[in-house]
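So the structure is just underneath, and the comments pick up after that.
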């Protein structure tokens, strides 16, 4: 099957691997139904096969293979992690620092109504209800997520490109950065009552990073609405940066001239740089970033530069010393 | 020592405290095994086991350091005899923790491990704490104690250093900063404060002051003959 997801490997112009993704899924579906038909035909009395004009209706109970394990993989051929893995191992300190505990604690999280305020240095500031955002072209992307704690997953997201949203609000020429803010609501987020963090969570991107076609605002995964523990109703996904850059439960997007403050950078500027690009060559004072454990695998694997997205994003950083701007 | 007392002691069964300590000693390991067999070790089992073993080691180390203060504060003499068991459980879990990290997490791959062990403060501190515990565990037998005399006590004072380095190791392994009190530092902070308390209670002046208080308290609590 040569039909691997090409979206990430194709340079900026046309990254639409979704078509490839869908055609592959359709192909699998067809294969599934065809093989079911063959099976049924084989069971049927002689002479009533497909060729004889008998219609074979799809039988309930035959699984549609698009949810089968191994059905989805990233462009490097690595299978996506299981839904249970993705939804039961979450760094979401607003709920708890216990990765396994987030799923349960986030069960009652209110994601509706929800609106996102997009403003700052833009010509058309606007507050979007989360439903409004569905009119941006929805994409399916299978991305690697590399946590700064040296574990990683492959996750099939759906969502829209942040660039589409930015285009609509028209950034002013003075805008250089995009700042993101998570909901602040200690009533819903028990972790926000603690004294050790400058809540709410904030993150930021340079404008060109924000416009990059890999930068996604995710509203779902595995074809389902985004689970609360993964940052519902909408979160950022920047696959070439460490996971903490991909801020969850966004309520505010602001275009700024100054580089915005970001939570982890505020706590430990020597460890969590503004860029925080996945980089096995830049030594992190706390953990080694040379290798990682893919969730579900026993052995560590080497960490790839820009998390394997060098071809697409390296040009954003030409001329920069990434050991200084880490 | 009075020969009669020796005889009595030989006859003595395990005290309830010993039973509790040995049950608690094996509990974390048993728990891990049960969770392993029932696939309850989270979806990142290697990290989960490593961290559980490390936490257990830290808890037993702190518990072993609590024995002397418990005697000073409450006159609980038996705790002094339980220091060794608690210390050895700390060593057991520290060994398993180190083995898990080096052998299972990094699969004994030395070139990757080198970078981690030699440049990452958390790994460096963990190794240091473990290496300090090794000679202490080896010389924990009575034979060494007798043979080494005063030297034994001095050597075993290193456990204070091991505990301080261990808490620092714990704090460094977490996303946060103990010095600025930010990030995920609640557990190392609690452990660190407890350790400071346990060490302060050992300072001779503090210790004397407390036992003085205790004596006075005892004297006052005694029923007066006039009654």
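Residue numbers (my numbering), protein chains in the order written: chain W, 1 to 326; chain V, 1 to 227. Backbone N, C-alpha and C define an ideal beta-carbon position, used for all residues, glycine too.
Nearest candidate by alpha-carbon position, reference residue i, set the options
i, options, result
"residue 107 of chain V", "W:306, W:325, W:321, W:291", "W:291"
"residue 99 of chain V", "V:138, V:142, V:71, V:47", "V:47"
"residue 125 of chain W", "W:76, W:252, W:187", "W:252"
"residue 141 of chain V", "V:158, V:83, V:180", "V:83"
"residue 278 of chain W", "W:300, W:309, W:294, W:286", "W:309"
"residue 25 of chain V", "V:123, V:78, V:58", "V:58"
"residue 250 of chain W", "W:150, W:187, W:89, W:114", "W:114"
"residue 189 of chain W", "W:160, W:111, W:238, W:94", "W:94"
"residue 303 of chain W", "W:226, W:270, W:148", "W:148"
"residue 123 of chain W", "W:293, W:275, W:166, W:182", "W:166"
"residue 184 of chain V", "W:173, W:175, W:196", "W:196"
"residue 267 of chain W", "V:179, V:113, V:38", "V:179"
"residue 92 of chain W", "W:102, W:207, W:84", "W:102"
"residue 140 of chain W", "W:89, W:243, W:237", "W:237"
"residue 207 of chain W", "W:175, W:235, W:108", "W:175"
"residue 158 of chain V", "V:56, V:36, V:137, V:111", "V:137"
"residue 163 of chain W", "W:213, W:143, W:117", "W:213"
"residue 305 of chain W", "W:317, W:159, W:244, W:298", "W:317"
"residue 170 of chain W", "W:326, W:137, W:256", "W:256"
"residue 186 of chain W", "W:105, W:269, W:116", "W:105"
"residue 214 of chain V", "V:74, V:133, V:85, V:61", "V:74"
"residue 108 of chain W", "W:301, W:233, W:282", "W:233"
"residue 312 of chain W", "W:254, W:295, W:215, W:285", "W:215"
"residue 324 of chain W", "W:120, W:135, W:281, W:119", "W:281"
"residue 162 of chain V", "V:149, V:192, V:182", "V:192"
"residue 28 of chain V", "V:18, V:92, V:43, V:67", "V:92"
Neighbourhood of residue i by C-beta distance below 8 Å, restricted to the same chain and skipping five residues each side
i, result
"residue 39 of chain W", "Because residue 39 of chain W sits at a pLDDT of 41, beneath the cut-off of 50, its placement in the model cannot be relied upon, and the following sentence gives the value as read from the coordinates. The answer is none, since no qualifying residue turns up."
"residue 41 of chain V", "32, 35, 48, 49"
Beta-carbon contacts of residue i that lie in its chain and below 6 Å, excluding the five residues immediately before and after
i, result
"residue 272 of chain W", "264, 265"
"residue 260 of chain W", "177, 179, 204"
"residue 15 of chain V", "none"
"residue 90 of chain W", "99, 102, 229"
"residue 94 of chain V", "57, 130, 133"
"residue 300 of chain W", "291, 293"
"residue 69 of chain V", "198, 201"
Residue i - partner residues in DSSP beta bridges
i, result
"residue 156 of chain W", "W:142"
"residue 294 of chain W", "W:152"
"residue 253 of chain W", "W:118, W:180"
"residue 341 of chain W", "Lying before the first or after the last residue shown, residue 341 of chain W is absent from chain W, which here runs from 1 to 326."
"residue 161 of chain W", "W:216"
"residue 378 of chain W", "As displayed, chain W neither begins before 1 nor continues past 326, which places residue 378 of chain W out of reach and without an answer."
"residue 183 of chain V", "V:176"
"residue 233 of chain W", "None, per the DSSP bridge assignment."
"residue 224 of chain W", "W:221"
"residue 302 of chain W", "W:291"
"residue 171 of chain W", "W:122"
Contact with chain C by residue i, beta-carbon distance below 8 Å
i, result
"residue 247 of chain W", "The displayed structure is made up of protein chains W and V, and chain C is not among them."
Sequence-distant residues of its chain with Cβ nearer than 7 Å to residue i (five each side left out)
i, result
"residue 184 of chain W", "192, 199, 200"
"residue 315 of chain W", "none"
"residue 123 of chain V", "116, 117"
"residue 88 of chain W", "100, 103"
"residue 242 of chain W", "146, 147, 148, 276, 278"
"residue 156 of chain W", "72, 80, 140, 142, 221, 222"
"residue 32 of chain V", "49, 52"
"residue 202 of chain W", "179, 180, 181, 260, 261, 262, 263"
"residue 121 of chain W", "171, 172, 174, 175, 255, 256, 257"
Closer than 7 Å: residue i CB and nearest the ligand ADP heavy atom
i, result
"residue 161 of chain W", "The ligand content of the structure shown is nil, which means the ligand ADP is not present either."
Discussion item. Taking beta-carbon pairs under 8 Å, can you tell me which members of the region 179-198 of chain V lie near chain W?
Written reply: Those residues of the region 179-198 of chain V placed with their C-beta closer than 8 Å to a C-beta in chain W are 180, 181, 182, 183, 184, 185, 186, ordered along the chain.
Item to complete: Using a Cβ-Cβ cut-off of less than 7 Å, give me the residues of the region 95-129 of chain W that come near chain V, in sequence order.
Response: Taking a C-beta cut-off of 7 Å against chain V, the contacting residues of the region 95-129 of chain W are 97, 100, listed in chain order.
Discussion item. Residues of the region 29-51 of chain V in Cβ contact with chain W at a cutoff of 8 Å, in chain order, please.
Written reply: Residues of the region 29-51 of chain V with a Cβ closer than 8 Å to any Cβ of chain W, in chain order: 42, 43, 44, 46, 47.
Practice prompt. Identify each residue in the region 153-172 of chain V for which the Cβ-Cβ distance to at least one residue of chain W is less than 7 Å, and report them in chain order.
Written response: Using a CB distance below 7 Å, the part of the region 153-172 of chain V facing chain W consists of 172, ordered along the chain.
Worksheet entry | beta strand (DSSP E) segments (min. 3 residues) lying fully within the region 74-129 of chain W | If only complete runs of 3 or more residues are kept, the region 74-129 of chain W shows the beta strand (DSSP E) at 115-120, 126-129, in order along the chain.
Discussion item. Beta carbons nearer than 8 Å to chain V: which residues of the region 268-288 of chain W have them?
Written reply: For the region 268-288 of chain W, which is checked against every Cβ of chain V, the residues closer than 8 Å are 268, 283, 285, 286, 287, 288.
Discussion item. Along the region 111-142 of chain V, where does the CB come closer than 8 Å to a CB of chain W? Name the residues.
Written reply: Those would be 112, 115, 116, 119, 120, 121, 122, in chain order.
Worksheet item: the region 299-316 of chain W: which residues have C-beta closer than 8 Å to a C-beta of chain V, in chain order?
Response: If the cut-off is 8 Å between Cβ atoms, the region 299-316 of chain W has 299, 300 near chain V.
Worksheet entry | Members of the region 66-92 of chain W that neighbour chain V once the beta carbon cut-off is set at 7 Å | Residues passing the 7 Å Cβ filter: 85, 88, 89.
Item to complete: May I ask you to list, following chain order, the residues of the region 93-111 of chain V that have a beta carbon less than 9 Å from some beta carbon of chain W?
Response: So the close ones are 104, 105, 106, 107, 109.
Worksheet entry | Segments assigned alpha helix (DSSP H), at least 4 residues, entirely inside the region 73-154 of chain V | If we require 4 residues or more, the alpha helix (DSSP H) runs fully inside the region 73-154 of chain V come out as 78-99, 110-119, 121-138, 142-148.
Worksheet item: Can you list the alpha helix (DSSP H) stretches of 4 or more residues lying completely in the region 27-53 of chain V, in chain order?
Response: DSSP runs (the alpha helix (DSSP H)) wholly in the region 27-53 of chain V: none.
Item to complete: Give, in chain order, every residue of the region 201-228 of chain W whose Cβ lies closer than 9 Å to some Cβ of chain V.
Response: Residues: none.
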